[in-house]
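Data block below; observations after.
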Amino acid sequence: MRAKEVYFRCLSNTDIGKCREENQDAILVRETVSGNEKVTVACVCDGVGGLERGSEASRTAVNKLEEWIDCELPYLVSDTETIEKRLRLLVGEINSDLYYRNIRLGSGSGTTFSAILLGEDHFTVCHAGDSRIYRISEKAEQITEDHSWIARQVKSGNMTEDAAARDKRKNVILKCLGVSQSIMPDVFSGFWTAPVSFLLCTDGFWHCLSEGELTEDFAPGFSSDRTVLERLTGVVKSRGEADNISVVAIDIPGDDEIGTLKLD
Numbered sequence: 071m072r073a074k075e076v077y078f079r080c081l082s083n084t085d086i087g088k089c090r091e092e093n094q095d096a097i098l099v100r101e102t103v104s105g106n107e108k109v110t111v112a113c114v115c116d117g118v119g120g121l122e123r124g125s126e127a128s129r130t131a132v133n134k135l136e137e138w139i140d141c142e143l144p145y146l147v148s149d150t151e152t153i154e155k156r157l158r159l160l161v162g163e164i165n166s167d168l169y170y171r172n173i174r175l176g177s178g179s180g181t182t183f184s185a186i187l188l189g190e191d192h193f194t195v196c197h198a199g200d201s202r203i204y205r206i207s208e209k210a211e212q213i214t215e216d217h218s219w220i221a222r223q224v225k226s227g228n229m230t231e232d233a234a235a236r237d238k239r240k241n242v243i244l245k246c247l248g249v250s251q252s253i254m255p256d257v258f259s260g261f262w263t264a265p266v267s268f269l270l271c272t273d274g275f276w277h278c279l280s281e282g283e284l285t286e287d288f289a290p291g292f293s294s295d296r297t298v299l300e301r302l303t304g305v306v307k308s309r310g311e312a313d314n315i316s317v318v319a320i321d322i323p324g325d326d327e328i329g330t331l332k333l334d
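All residue numbers for the sequence shown refer to the numbering used here, where the first residue is 71 and numbers rise by one.
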C-alpha cells in the first residue's frame with residue numbers, strides 16, 4: 071500500500087551569533103517513509119556552553135540521528151509506542167558514546183537534544199536540555215520542559231518568570247547528553263490537526279523572543295521565505311543575545327492549502 075501523502079513546509083537557520091568563536095549548534099530536517107507512512111524528522115542540538123568540544127557533541131548527536139533515520143526508521147512500524155521505545159534507546163546510545171569518549175579523552179562535552187517525528191496525524195517528541203519545541207495554532211504552546219536550574223526554580227515557586235528572565239544563571243542546565251553515564255529523555259506523543267505549525271529552537275533563539283512574537287511570525291501559513299528566520303535572528307542579536315542561534319520551523323497547512331516540503 072502506498073504511503074499517505076502529507077505536505078509540510080520546513081525552514082531552518084543557524085547562526086554563530088555575536089560573541090561565539092564557533093557555532094556549537096547543529097540542526098537536522100529529513101523526510102523518509104516509516105512503515106506505510108511518510109514522516110518528517112527535525113532536530114536541534116546545542117553543544118553545552120562551558121564544556122570542551124560542544125560542537126563535536128551536537129554534530130555527533132545529529133549524525134547518529136540521521137543514521138537512525140536512514141538505517142532503522144524506514145523498517146519500523148509507525149505506531150507511537152515503537153517509535154518512542156526506539157528513540158529512548160537511540161538517545162541512550164548517543165549519550166553513552168559521548169560519555170565514554172569524554173572519559174577516554176579526559177575532557178568533557180555535552181549537548182541538548184530536541185527532536186520531533188511528524189507523521190500523517192501524530193507526532194513524537196524526544197527531548198533533553200533547554201532547547202525548545204513549540205506547537206503553534208492560535209498561540210504558541212511550549213510542549214517541552216526546560217531541563218534547567220532556572221526552570222526548576224520557577225516550577226517550584228522559588229523564582230518568578232520576570233526574575234528568571236534576568237537571572238545570569240539561565241544557561242545552567244540539569245540534563246543533557248554526554249555528561250552522565252545514563253540519561254532519561256522526555257519522550258511523548260500526541261496528535262496534530264491542520265493547520266498547525268511546530269517550532270524547534272535552541273535557547274539562543276527563544277531567550278529574547280516572546281510567545282506572542284513567535285505566534286505572530288510562525289502561526290500556520292507563515293511565509294515560506296526563510297528571511298523571516300534571518301530577520302528574527304537579527305532581532306535576537308539586537309536584544310543582546312550572545313549565544314549561537316538556531317531554529318527549525320515546520321508549517322502544516324490546512325486542507326484548503328497545498329504545501330510542498332522545503333528543506334533549507
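Even glycine gets a Cβ: it sits at the ideal position worked out from N, Cα and C. Keep in mind that this is a model prediction, so the values were computed, not measured.
A buried status is given to V195, since no fewer than 16 other beta-carbon atoms sit within 10 Å of its beta-carbon. Linking Q212 to S250 through their CA atoms gives a straight-line distance of about 26 Å. In the three-state scheme derived from DSSP, where H, G and I count as helix and E and B as strand, K108 is classed as strand. Burial state of T263 is exposed, judged by a 10 Å Cβ sphere holding fewer than 16 other Cβ atoms. Going by DSSP, E137 is part of no beta strand (DSSP E) but of the alpha helix (DSSP H) stretching over 124-141.
In this structure, the straight-line span from the alpha carbon of F292 to that of S104 is close to 27 Å. A distance below 7 Å separates the beta carbons of C246 and V118. Around the beta-carbon of I164, 16 or more other beta-carbon atoms lie within 10 Å, marking it buried. For G260, the enclosing beta strand (DSSP E) covers residues 256-261. Counting only residues of its own chain and dropping the five nearest sequence neighbours on each side, S82 has a CB closer than 6 Å to the CB of I97, V99, V318, D334.
When C-alpha distances from A127 are compared across A112, A234, G248, T152, the shortest belongs to G248. Positions of the beta strand (DSSP E) runs, each at least 3 residues long and wholly inside the region 173-205, are given as 183-188, 192-198 in order along the chain.
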